[in-house]
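*Asks:* Per full-length UniProt numbering, residue 1 is the first one in the sequence shown, and the count goes up by one each step.
No residue lacks a Cβ here, since even glycine has one placed at the ideal position from N, Cα and C.
Since the structure is predicted, the reported quantities are computational estimates derived from the model, not experimental observations.
Pasting a structure here, questions to come.
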Amino acid sequence: NYHPSRVLTLVYQPFALGTLAILAYHEAKLNTRRRNLFGYTLFFLSSLAILVMDLATSGKGGLGTFIGICIISGVFGVADAHVQGGMVGDLSYMRPEFIQSYVAGLAASGVITSALRLITKAAFENSQGGLRKGAILFFAISSFFEFLCVLLYAYVFPKLPVVKYYRSKAASEGSKTVASDLAAGGIQALPETDDVESKNQERLSNKELLLQNIDYAIDMFLIYALTLSIFPGFLSEDTGKHSLGSWYALVLISMYNVWDLIGRYIPLIKPLKLESRKALTTVIISRVLLVPAFYFTSKYGDQGWMIMLTSILGLSNGYLTVCVLTSAPKGYKGPEQNALGNLLVLFLLGGIFAGVTLDWLWLIGKGW
């Protein structure tokens with residue numbers, strides 16, 4: 001009754017976008033380690049809070065519980081702004097393969113989420129309170145993974161030799177955000193440089209970086225505005241009734257997540273990676289054709305066509321995301337790459353916010 005798949009994403013995004021806008025503006029002065037650890041810890045505590053709220057209310061629904069979930073969703077948005085911008089910025093001054101692996105990991109989390117949802121639905125479908133049991137198991141596993149992320153980032157990631165190398169390199173190029181990361185890896189901060197060297201370490205401002213990469217920024221915005229105008233709200237609520245019944249929406253979302261993951265690995269095959277800036281923008285704009293395709297398929301097509309379209313949506317989303325994020329930082333110094341990574345994620349979240357807002361247009365003429 002509350003359109004949760006639409007409302008929760010709409011609540012989540014303003015917090016994510018607003019927080020990241022502030023963080024991106026002050027990026028050059030932020031402690032990256034503290035920022036990412038705060039974000040991962042917030043993710044863990046928020047996941048745990050949903051479990052606690054469910055147990056405290058004995059699984060009872062209602063408007064009060066839904067408002068509580070909305071508040072937690074907003075906190076997830078704040079956590080996402082800290083972690084996603086921080087990690088993409090951090091990895092942008094390392095190797096492009098690291099960015100690819102990270103964004104592939106984001107897609108892999110979607111696949112694992114879908115798999116858990118399918119498993120819990122199958123396991124508890126016919127039992128009393130099955131949906132609640134499945135949700136409890138899901139959030140318990142999620143909380144464990146989030147806690148693992150806190151430990152890995154705090155104690156393992158900073159001590160990897162390749163990470164220490166690139167962070168030292170970024171510090172030598174004038175980055176002030178990696179000092180505590182280097183200390184966590186057992187490396188003392190570099191001594192202050194003289195005036196001549198400091199001049200060589202001067203970086204482009206955020207405005208200059210944005211103007212030089214405005215096409216990439218708009219690309220990120222358009223990719224996610226289109227994707228989120230269809231996924232997950234439209235796929236969850238507006239695809240009609242088919243032979244798969246209550247499994248249909250879950251299958252569609254699972255297919256999106258699987259093909260999104262596959263799409264993020266395709267650019268690793270060099271001949272298949274799209275690097276031309278004009279070609280990238282052209283392909284991204286052409287994805288708007290998916291909107292009428294989904295509309296007419298939902299009205300006149302069968303579930304096979306809808307599954308195929310959903311797969312194309314996921315494949316193109318993953319592929320184009322990696323192409324943009326791995327191409328944009330090339331040719332810049334470490335601090336500039338970090339700042340550019342944050343700016344691109346800011347436009348990504350802006351696209352998501354626009355997409356989840358546009359997603360409500362599918363409800364026009366449906367009595368809500």
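What is the DSSP secondary structure of alanine 79, counted as helix, strand or coil?
*Replies:* Reading the sequence shown from its first residue, position 79 is the one you call residue 79. DSSP places alanine 79 in helix when its eight states are reduced to three.
*Asks:* Please report the residue range of the alpha helix (DSSP H) in which phenylalanine 145 lies.
*Replies:* Taking the sequence shown and counting its residues from 1, the one referred to as residue 145 is at position 145. Note, phenylalanine 145: alpha helix (DSSP H), 130-151.
*Asks:* Anyone know if the C-beta pair for phenylalanine 221 and glycine 351 falls short of 8 Å?
*Replies:* On the sequence shown, position 221 is the one that residue 221 refers to. On the sequence shown, position 351 is the one that residue 351 refers to. Yes.
*Asks:* Would you say serine 321 and isoleucine 223 are within 8 Å of each other, going by their C-beta atoms?
*Replies:* Mapped onto the sequence shown, residue 321 falls at position 321. Mapped onto the sequence shown, residue 223 falls at position 223. Here residue 321 turns out to be threonine, not serine, going by the sequence shown. Yes, the pair counts as a contact, with Cβ atoms nearer than the cut-off.
*Asks:* Mapping the DSSP letters down to three states, classify glycine 350 as helix, strand or coil.
*Replies:* Start at 1 with the first residue of the sequence shown, and residue 350 comes out as number 350. The answer is helix: DSSP assigns glycine 350 an H, G or I state.
*Asks:* Mapping the DSSP letters down to three states, classify serine 73 as helix, strand or coil.
*Replies:* Looking up residue 73 in the sequence shown gives position 73. Reduced to three states, the DSSP call for serine 73 is helix.
*Asks:* Looking at the unbroken alpha helix (DSSP H) that takes in threonine 326, where does it start and where does it end?
*Replies:* Within the sequence shown, the letter at position 326 stands for residue 326. It spans 303-327 - the alpha helix (DSSP H) in which threonine 326 sits, taken as one unbroken run.
*Asks:* Quick check: what's the CA-CA separation for leucine 346 versus glutamine 212?
*Replies:* Counting from 1 along the sequence shown, the entry for residue 346 is found at position 346. Counting from 1 along the sequence shown, the entry for residue 212 is found at position 212. Near 16 Å, if we compare the C-alpha coordinates of glutamine 212 and leucine 346.
*Asks:* Determine contact between the stretch 88-105 and the stretch 329-342, defined as no fewer than three beta-carbon pairs at a distance below 8 Å.
*Replies:* yes
*Asks:* Measuring alpha carbon to alpha carbon, tell me which residue in Leu313, Ser172 and Phe157 is nearest aspartate 181.
*Replies:* Locating residue 181 in the sequence shown gives position 181, where the first residue counts as 1. The shortest C-alpha separation from aspartate 181 is found at Phe157.
*Asks:* Could you compute how far the alpha carbon of isoleucine 266 sits from the alpha carbon of glutamine 100?
*Replies:* Reading the sequence shown from its first residue, position 266 is the one you call residue 266. Reading the sequence shown from its first residue, position 100 is the one you call residue 100. Each residue's Cα considered, the two are about 10 Å apart.
*Asks:* If you draw a straight line from the alpha carbon of threonine 19 to that of asparagine 126, how long is it in whole angstroms?
*Replies:* Looking up residue 19 in the sequence shown gives position 19. Looking up residue 126 in the sequence shown gives position 126. Taking the CA atoms as reference points, threonine 19 sits about 42 Å from asparagine 126.
*Asks:* Quick one: Cα of serine 143 to Cα of phenylalanine 44, how far?
*Replies:* As a position in the sequence shown, residue 143 is number 143, starting the count at 1. As a position in the sequence shown, residue 44 is number 44, starting the count at 1. Each residue's alpha carbon lies about 5 Å from the other.
*Asks:* Short check: CB of valine 178 to CB of alanine 171, under 8 Å?
*Replies:* Start at 1 with the first residue of the sequence shown, and residue 178 comes out as number 178. Start at 1 with the first residue of the sequence shown, and residue 171 comes out as number 171. In contact: valine 178 and alanine 171 (Cβ atoms closer than 8 Å).
*Asks:* So what's lysine 176 in DSSP terms, helix, strand or just coil?
*Replies:* Start at 1 with the first residue of the sequence shown, and residue 176 comes out as number 176. Note: lysine 176 maps to coil in three-state DSSP.
*Asks:* Just list the alpha helix (DSSP H) runs in the stretch 4-57, keeping only unbroken ones of 4 residues or longer that don't cross its boundaries, in chain order.
*Replies:* 4-25 and 32-56
*Asks:* Below 7 Å CB to CB, which residues in the same chain sit around glycine 284 once its five sequence neighbours on both sides are set aside?
*Replies:* Taking the sequence shown and counting its residues from 1, one reaches residue 284 at position 284. The sequence as given places isoleucine at residue 284; glycine does not occur at that position. Counting only Cβ-Cβ distances below 7 Å, and skipping sequence neighbours, we find Asp219, Leu222, Ile223 and Leu320.
*Asks:* Please return the same chain residues whose Cβ sits closer than 6 Å to the Cβ of leucine 348, not counting the five positions on each side in sequence.
*Replies:* Counting from 1 along the sequence shown, the entry for residue 348 is found at position 348. Met220 and Tyr224.
*Asks:* When we look at the beta-carbon of alanine 279 and count the other beta-carbons within 10 Å, is it buried (16 or more) or exposed?
*Replies:* As a first step, residue 279 is located in the sequence shown; it is residue number 279 there, counting from the start. Label assigned to alanine 279: exposed.
*Asks:* Anyone know if the C-beta pair for tyrosine 40 and valine 83 falls short of 8 Å?
*Replies:* Taking the sequence shown and counting its residues from 1, the one referred to as residue 40 is at position 40. Taking the sequence shown and counting its residues from 1, the one referred to as residue 83 is at position 83. Taking 8 Å as the Cβ cut-off, tyrosine 40 and valine 83 qualify as a contacting pair.
*Asks:* Hey, would you say tyrosine 248 sits closer than 8 Å to phenylalanine 231, going by beta carbons?
*Replies:* The residue given as residue 248 occupies position 248 in the sequence shown. The residue given as residue 231 occupies position 231 in the sequence shown. The Cβ atoms of tyrosine 248 and phenylalanine 231 do not sit closer than 8 Å to each other.
*Asks:* What did DSSP end up calling proline 158 once you bin it into helix, strand or coil?
*Replies:* Against the sequence shown, residue 158 aligns to sequence position 158. Three-state result, proline 158: helix.
*Asks:* One question on the structure: do tryptophan 259 and glycine 314 come within less than 8 Å of each other, judged by their Cβ atoms?
*Replies:* Taking the first residue of the sequence shown as position 1, residue 259 is located at position 259. Taking the first residue of the sequence shown as position 1, residue 314 is located at position 314. Result yes, Cβ atoms of tryptophan 259 and glycine 314 sit closer than 8 Å.
*Asks:* Taking the continuous alpha helix (DSSP H) assigned at phenylalanine 294, which residues delimit it?
*Replies:* Stepping through the sequence shown from its first residue, residue 294 is reached at position 294. Unbroken alpha helix (DSSP H) run through phenylalanine 294: 290-300.
*Asks:* Going by DSSP, what residue range makes up the alpha helix (DSSP H) through tryptophan 259?
*Replies:* Counted from its first residue, the sequence shown places residue 259 at position 259. Note, tryptophan 259: alpha helix (DSSP H), 248-265.
*Asks:* Using the three-state DSSP reduction, which class does methionine 94 fall into: helix, strand or coil?
*Replies:* Locating residue 94 in the sequence shown gives position 94, where the first residue counts as 1. Coil at methionine 94, not helix or strand.
*Asks:* Drop a sphere of 10 angstroms on the beta-carbon of lysine 270, count the other beta-carbons inside from all chains shown, and report buried for 16 or more, exposed for fewer.
*Replies:* As a working mapping, residue 270 is identified with position 270 in the sequence shown. Classification for lysine 270: exposed.
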